[in-house]
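One point on numbering: in our numbering, the residue at position 377 of the sequence shown is 379, and numbering is uninterrupted.
Backbone N, C-alpha and C fix where the C-beta goes; we use that ideal spot for every residue, glycine too.
So the structure is just underneath, and the comments pick up after that.
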Amino acid sequence: MSSQSKTNSFRKKKIMRRKRDRLIGQLPYYLIGLLIIGLLGGAAYKASGKIAMALESREKEKSGKAEDQNPDGAGASAAEGDGSGDGSEAASDGTEPETESSIDALLDQAWLLAAGYDYDAAIDLLTSSEFYGAGENGTTDSRINSAISEYTHTRESLQPVEITEITHVFFHSLVMDEAKAFDGDADESGYNQVMTTKDEFLKILDSMYAKGYVLVRLHDIATMQDGRMVKGQILLPPGRKACVMSQDDVCYYEYMEDDGFARRMVIGDDGKPACEMVLDDGTVSVGSYDLVPLLEDFILQHPDFSYKGARAVIALTGYQGILGYRTAESYRDTNPNFAADCQAASAVAKCLRDNGWELASHSWGHRDLGTISYQKFKTDCDKWENEVETLIGPTDIILYPFGADVSDWHAYNSANDRFMYMKSLGFDYFCNVDSSQYWVQLGDNYIRQGRRNLDGYRMWMDIAAGEGSSSRKLDDLFKAEDVFSSNRPTPVEWK
Ligand SMILES: [Zn+2]
3 MSSQSKTNSF
13 RKKKIMRRKR
23 DRLIGQLPYY
33 LIGLLIIGLL
43 GGAAYKASGK
53 IAMALESREK
63 EKSGKAEDQN
73 PDGAGASAAE
83 GDGSGDGSEA
93 ASDGTEPETE
103 SSIDALLDQA
113 WLLAAGYDYD
123 AAIDLLTSSE
133 FYGAGENGTT
143 DSRINSAISE
153 YTHTRESLQP
163 VEITEITHVF
173 FHSLVMDEAK
183 AFDGDADESG
193 YNQVMTTKDE
203 FLKILDSMYA
213 KGYVLVRLHD
223 IATMQDGRMV
233 KGQILLPPGR
243 KACVMSQDDV
253 CYYEYMEDDG
263 FARRMVIGDD
273 GKPACEMVLD
283 DGTVSVGSYD
293 LVPLLEDFIL
303 QHPDFSYKGA
313 RAVIALTGYQ
323 GILGYRTAES
333 YRDTNPNFAA
343 DCQAASAVAK
353 CLRDNGWELA
363 SHSWGHRDLG
373 TISYQKFKTD
383 CDKWENEVET
393 LIGPTDIILY
403 PFGADVSDWH
413 AYNSANDRFM
423 YMKSLGFDYF
433 CNVDSSQYWV
443 QLGDNYIRQG
453 RRNLDGYRMW
463 MDIAAGEGSS
473 SRKLDDLFKA
483 EDVFSSNRPT
493 PVEWK
């Protein structure tokens, strides 16, 4: 079930360079009920309810502005514009109302792209629109001009991220109902160690966002080109820091039933990934019952938490099926919905990818891939290919169960038969577990990254160490005391 940093042998190699980045003022908490729905009503493009939610922050700028003190974000800088850009009053020049709302919709779309740091796309969208140069004598609406110069200016301030300093944090399924998870039964101790609760997760997101973290994909960090792993270029405004997030064992195992977790992942009415949860009265509710939909919600409210649409990495084992569907071969005769479940799981996996999520192997049987016999290792890899990759499509990422790597910290090489076998199956991204702030190894034909467990055990270790202790590991992300749930049994012991 769990990955843990305890046994990782090479965490000490890492340089603990703690940058005291100045605390970025938290962006304003966006109030609900803004006029956005009405505004978009006449828009020429069909804004989904969720896009409308994301645009609330833009609306906030248009109306209120002043509270926003963040100097770096696209959202913030738009609010600092020269004033010629905003204001629906600009329609007083006699522009047709229909054109007016189309321009608004265009500006909204461009703003969203810029909020996600894709200034090139935002500028392209504006300069290639039918409204660009469409005025008298080839002039352009002043709001469009203003947005273009705004985004051009911000683009000039971007700085490349040092990819070897990118942190990677991970979670397991989030506890939705703490009373059920921490109820004294046989599974309580495991949940207490390796799970994180919904409220803890949301507090962690708030803290990381306030500290300037921005989600990137593993594939933003580096990509394979002509057989070699090549550094990517991630450009962020000053004060922003890239991070990767992942979630392990997104399978909703049988033992978790009735313990306060979601039941499975589904596609919501809005086309975004959501979760099903069985409520106390036995009814099934679809909503934000785990990390995936909760992170989607957060990014809608804070589009600048995601670099060009990045989401987290979702890691799947195969032995009880994936995403809460009993799709493993062993269920073929016992699951009456086997074929339909395979189809549904496949559709959810595609929905995840379509929404920016990356998918990864967590081995088929949650095995320690570094120490099991080579024959068992090979069998496990093949089973994952046959039972999981057939449903979700090819993936090149493996997140090691227990963080158990197939080598020590030295670079992988062709003498490592396990590495070579995984390479032959198409894996290029390998993540172990490591409590250092960051650990990235860019190899010739692969990349390795350490991941940090943000769970009950890790938080308790920080709390037990006491404030100011050098053995605390989380302070660059959040303060454990501010996040750790009071419903957890303590002390949290590693068993
Ligand atoms: Zn695991």
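Fill in: Nonlocal neighbours in the same chain, by C-beta distance under 6 angstroms from residue 22, ignoring five residues either side
The predicted model places residue 22 with a pLDDT of 28, which falls under 50 and marks its position as unreliable; any figure quoted below should be read in that light. Its chain contains no residue whose beta carbon lies nearer than 6 angstroms to that of residue 22 once the 5 sequence neighbours on both sides are disregarded.
Item to complete: Between the Cα of residue 239 and those of 356, 159 and 485, spot the shortest distance and give me the residue it belongs to.
Response: Selected option, being the one with the closest Cα: 159.
Fill in: residue 90 versus residue 122 - alpha carbon distance
No answer about residue 90 holds up, because its pLDDT of 39 lies below 50 and its placement is not dependable.
Discussion item. Are the CB atoms of residue 406 and residue 576 within a distance shorter than 8 angstroms?
Written reply: Outside the displayed span of the chain (3 to 497) sits residue 576, for which this structure offers no information.
Worksheet entry | Inter-residue spacing [alpha-carbon to alpha-carbon] between residue 1 and residue 364 | This structure cannot speak to residue 1, because the chain is shown only from 3 to 497.
Fill in: Spatial distance of residue 380 from residue 408 (CA atoms)
Answer to the nearest angstrom: the Cα atoms are 13 angstroms apart.
Discussion item. I'd like the span of the beta strand (DSSP E) that includes residue 184, first residue to last.
Written reply: The continuous stretches of beta strand (DSSP E) do not include residue 184, and DSSP gives it neither H nor E.
Worksheet entry | Closer than 7 angstroms: residue 250 CB and nearest ligand 1 heavy atom | Yes.
Worksheet entry | Buried or exposed (CB count within 10 angstroms, at least 16 for buried), residue 328 | It is buried - the Cβ of residue 328 has at least 16 other Cβ atoms within 10 Å.
Discussion item. Given a cut-off of 8 angstroms on the beta-carbon distance, is the pair residue 220 and residue 245 in contact?
Written reply: The beta carbons of residue 220 and residue 245 sit no closer together than 8 angstroms.
Worksheet item: Which one of 237, 150 and 352 has the shortest CA to CA distance from residue 273?
Response: The shortest C-alpha separation from residue 273 is found at 352.
Worksheet item: For residue 434, is the classification buried or exposed, using 16 other Cβ atoms within 10 angstroms of its Cβ as the cut-off for buried?
Response: Burial call: buried.
Item to complete: Would you list the one or two residues that DSSP bridges to residue 268?
Response: DSSP output for residue 268 lists 276 as bridge partner(s).
Discussion item. Could you give the first and the last residue of the continuous alpha helix (DSSP H) run that contains residue 297?
Written reply: Run containing residue 297: 293 to 303, per the alpha helix (DSSP H) assignment.
Worksheet item: What three-state label does DSSP hand residue 169 in the structure shown?
Response: Here residue 169 sits in strand by DSSP.
Discussion item. Quick check: the Cα distance between residue 336 and residue 330, rounded to an integer number of angstroms?
Written reply: Going by C-alpha positions, residue 336 is about 11 angstroms away from residue 330.
Fill in: For residue 256, three-class secondary structure by DSSP
Three-state DSSP puts residue 256 in a helix.
Worksheet item: Got a sec? Which residues, its chain only, sit under 7 angstroms from residue 482 by beta carbon, not counting five neighbours each side?
Response: Cβ contact annotation for residue 482 (same chain, cutoff 7 angstroms, sequence separation greater than five): 461, 464, 465 and 476, in chain order.
Worksheet item: Is the beta carbon of residue 421 sitting closer than 8 angstroms to the one on residue 398?
Response: Result no, Cβ atoms of residue 421 and residue 398 do not sit closer than 8 angstroms.
Practice prompt. In angstroms with no decimal places, state the Cα-to-Cα distance between residue 319 and residue 367.
Written response: Straight-line Cα distance between these residues: approximately 6 angstroms.
Worksheet item: Excluding the five sequence neighbours on either side, which residues of its own chain have a C-beta within less than 7 angstroms of the C-beta of residue 297, listed in chain order?
Response: Cβ neighbours of residue 297 beyond the five flanking positions: 313 and 314.
Worksheet entry | Rounded straight-line distance, which links the Cα of residue 250 to that of residue 131 | Going by the C-alpha atoms only, they are around 42 angstroms apart.
Item to complete: Using only the heavy atoms of ligand 1, determine whether one of them is closer than 7 angstroms to the beta carbon of residue 170.
Response: No - ligand 1 has no heavy atom lying nearer than 7 angstroms to the Cβ of residue 170.
Worksheet item: Would DSSP call residue 156 helix, strand or coil?
Response: The answer is helix: DSSP assigns residue 156 an H, G or I state.
Item to complete: Could you tell me the distance, in whole angstroms, from the CA atom of residue 261 to the CA atom of residue 182?
Response: Going from the Cα of residue 261 to the Cα of residue 182 covers about 5 angstroms.
Worksheet item: Using the beta-carbon count (16 or more within 10 Å), is residue 281 buried or exposed?
Response: Only exposed fits residue 281, as fewer than 16 other CB atoms lie within 10 angstroms of its CB.
Item to complete: Could you tell me whether the stretch 168 to 176 touches the stretch 437 to 450, where touching means 3 or more Cβ pairs closer than 8 angstroms?
Response: Contact holds: three or more Cβ-Cβ distances are below 8 angstroms.
Worksheet item: Just to confirm, does residue 221 get its C-beta within under 7 angstroms of one of the non-hydrogen atoms of ligand 1?
Response: Within 7 angstroms of the C-beta of residue 221 there is not a single heavy atom belonging to ligand 1.
Worksheet item: Is the beta carbon of residue 317 less than 8 angstroms from the beta carbon of residue 252?
Response: Cβ distance < 8 angstroms, so residue 317 and residue 252 count as in contact.
Item to complete: Assign residue 322 to one of three DSSP states: helix, strand, or coil.
Response: Note: residue 322 maps to coil in three-state DSSP.
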